[in-house]
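**Q** Residue numbers for the sequence shown, in my numbering: 1 to 148.
All C-beta atoms in this analysis are idealised placements derived from N, C-alpha and C, irrespective of residue type, glycine included.
Once you've had a glance at the structure underneath, I'll fire off some questions.
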Amino acid sequence: MKKFVIAGAFAVSLLGMVGSMAVAADDPIKVREELMEGIGDAMKVLGPTAQGKMEYDAAKVTAALQTIATNSADFPNHFPEGSDAGKTEALPAIWENKADFDARSQKLAKDAEAAIAVSSNGLDAFKPAFGEVASNCKGCHEKYRKPS
């Protein structure tokens, strides 16, 4: 059952990502926005779940974490030179510190995968793993995203 839930979550996540990429493949800013929106939507499930404001549902948690893992692994691929111009919340620091930015994105993907591995073990196992994921988001936003 666990493998089925994880496989299903991955398929849903991948289909969502591929669908959004097809729409905006020639616009890296749009692709970045859509990937980040997917992560934001996932956090709307994970945050309240970790806080006990939402009932723990392993399938929903796994799907949300898979979205984060998939999107964050792909995210650094959409920052070509010159894509800092236009309507973007990306700071120039991304292009100035590309290796660090890429490493942070990959760490987020790995931490989301680690959280997936424990998501079927319930809320108590999920919470510390989610803490790592959330910490990654915050650290990257502080350094590489314009304040909103």
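1) Note the first and the last residue of the continuous alpha helix (DSSP H) segment covering Ala109.
2) What is the C-beta distance between Cys188 and Leu91, in whole angstroms, given that I count them as a contact (C-beta under 8 Å)?
3) Nearest-angstrom Cα distance between Ala117 and Thr49?
4) Got a sec, what are the start and stop residues for the alpha helix (DSSP H) Ala69 sits in?
5) Report the option in Glu142, Arg145, Gly139 and Lys127 whose CA atom is closest to the CA atom of Gly52.
6) For the region 71–91 against the region 26–45, are there 3 or more C-beta pairs whose distance is under 8 Å?
7) Spatial neighbours of Ala129 within its chain, please: C-beta separation below 7 Å, excluding the five flanking residues on both sides.
8) Between Lys143 and Gln106, what straight-line distance do the alpha-carbon atoms span, to the nearest angstrom?
9) Measure the Cβ-Cβ separation of Asp111 and Glu132 and say whether it is below 8 Å.
10) DSSP state of Lys134, grouped into three classes?
11) Which stretch, first to last residue, makes up the alpha helix (DSSP H) that contains Leu35?
**A** In short, the structure shows the following:
1) That run of the alpha helix (DSSP H) goes Lys98 to Ser119.
2) Residue 188 lies beyond the stretch modelled for the chain, which goes from 1 to 148, so this question has no answer here.
3) Rounded to whole angstroms, Ala117 to Thr49 spans 17 Å at the Cα level.
4) Going by DSSP, Ala69 is part of the alpha helix (DSSP H) stretching over Ala58 to Asp74.
5) Among Glu142, Arg145, Gly139 and Lys127, the Cα nearest to that of Gly52 is on Lys127.
6) As far as the Cβ criterion goes, the region 71–91 touches the region 26–45, which means the pair count is three or higher.
7) Ala114, Ala115 and Val118.
8) Using only the alpha carbons, I get a separation of about 16 Å.
9) Going by C-beta atoms, Asp111 is nearer than 8 Å to Glu132.
10) Per the sequence presented here, residue 134 reads as Ala, with Lys not at that position. Ala134 falls in the helix class under three-state DSSP.
11) The continuous alpha helix (DSSP H) containing Leu35 extends over residues Pro28 to Ala50.
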